[in-house]
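Going left to right, the sequence shown walks through residues 2 to 181 as our numbering numbers them. Backbone N, C-alpha and C define an ideal beta-carbon position, used for all residues, glycine too. If you're wondering where the values come from, they're calculated on a predicted model, not measured in any experiment.
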Amino acid sequence: MQILDEIIRDRRSIRRFEKREVESEKLTALLEAARWAPSWGNSQCWQFIVIQDKEQKERLAETLTKKNPATLSVLDAPVVFAICGESKKSGYYNGQQITRYQDWLMFDLGLATQNICLTAHSLGLGSVIVGSFDHEMAEKVLCIPKGYEIVALLPLGYPAHAPSAPKRKESRTFVHYGHF
Ligand SMILES: Cc1cc2nc3c(=O)[nH]c(=O)nc-3n(C[C@H](O)[C@H](O)[C@H](O)COP(=O)(O)O)c2cc1C
């Protein structure tokens with residue numbers, strides 16, 4: 002097991018995958034990592050769909066534009082997770098929104114997704130978060146019920162490439178002490 006800061010630093014978005022299946026114990030470990038993510042008031046609004054069927058992946062790939070670098074990843078990956086959540090749970094109390102930000106679902110799903118991506122990397126797997134696709138079309142493909150959102154797709158599998166890290170900003174450009 003690598004140490005956490007290496008896992009965080011070395012994780013990359015992986016868009017091409019080996020033809021190898023992902024073991025079911027590893028899929029369980031990824032979903033378990035999501036389960037332990039923090040969430041607003043422990044609301045745990047997340048729902049995950051595990052997609053392994055080729056035709057279902059083909060339908061999902063059609064929801065991405067040809068220009069999206071992850072379009073082929075959805076087809077190529079042995080597994081795609083659809084990251085979904087129940088609306089109006091996170092950031093709400095008795096059905097009332099309690100902060101200026103309407104729904105904290107995006108925030109909580111982001112935390113759960115990062116847990117999955119980091120755990121995947123620590124297990125020798127790669128993944129890429131896909132946020133740019135036709136959400137309405139994907140909702141139909143995956144039969145998402147009313148009151149639930151599909152936020153992201155996450156193709157994952159054994160990496161077939163090792164991309165170098167895209168540059169990060171220097172921390173002095175975004176860290177402030179005391180005030181902005
Ligand atoms: C919310 C979100 C949405 C993203 N959507 C896409 C996408 O639609 N297509 C894609 O190829 N990559 C997508 N990415 C991956 C980013 O491009 C990638 O994380 C970024 O370039 C940094 O590279 P790294 O993940 O290898 O460090 C997304 C990442 C995040 C966090």
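G111 at chain D interface by Cβ criterion, 8 Å: In the displayed structure, chain D is absent; only one protein chain is listed.
Coarse secondary structure for E137, derived from DSSP in three states: Of the three classes helix, strand and coil, the one that applies to E137 here is helix, per DSSP.
S172: CB within 7 Å of a non-hydrogen atom of ligand 1: no
DSSP-derived helix/strand/coil call for A121: The answer is helix: DSSP assigns A121 an H, G or I state.
As assigned by DSSP and simplified to three states, the class of F49: strand
Boundaries (first-last residue) of the alpha helix (DSSP H) holding A35: S25 to R36
P39 versus L110: straight-line alpha-carbon distance, rounded: So the two alpha carbons sit approximately 10 Å from each other.
Endpoints, the alpha helix (DSSP H) within which L73 is located: It spans T72 to D77 - the alpha helix (DSSP H) in which L73 sits, taken as one unbroken run.
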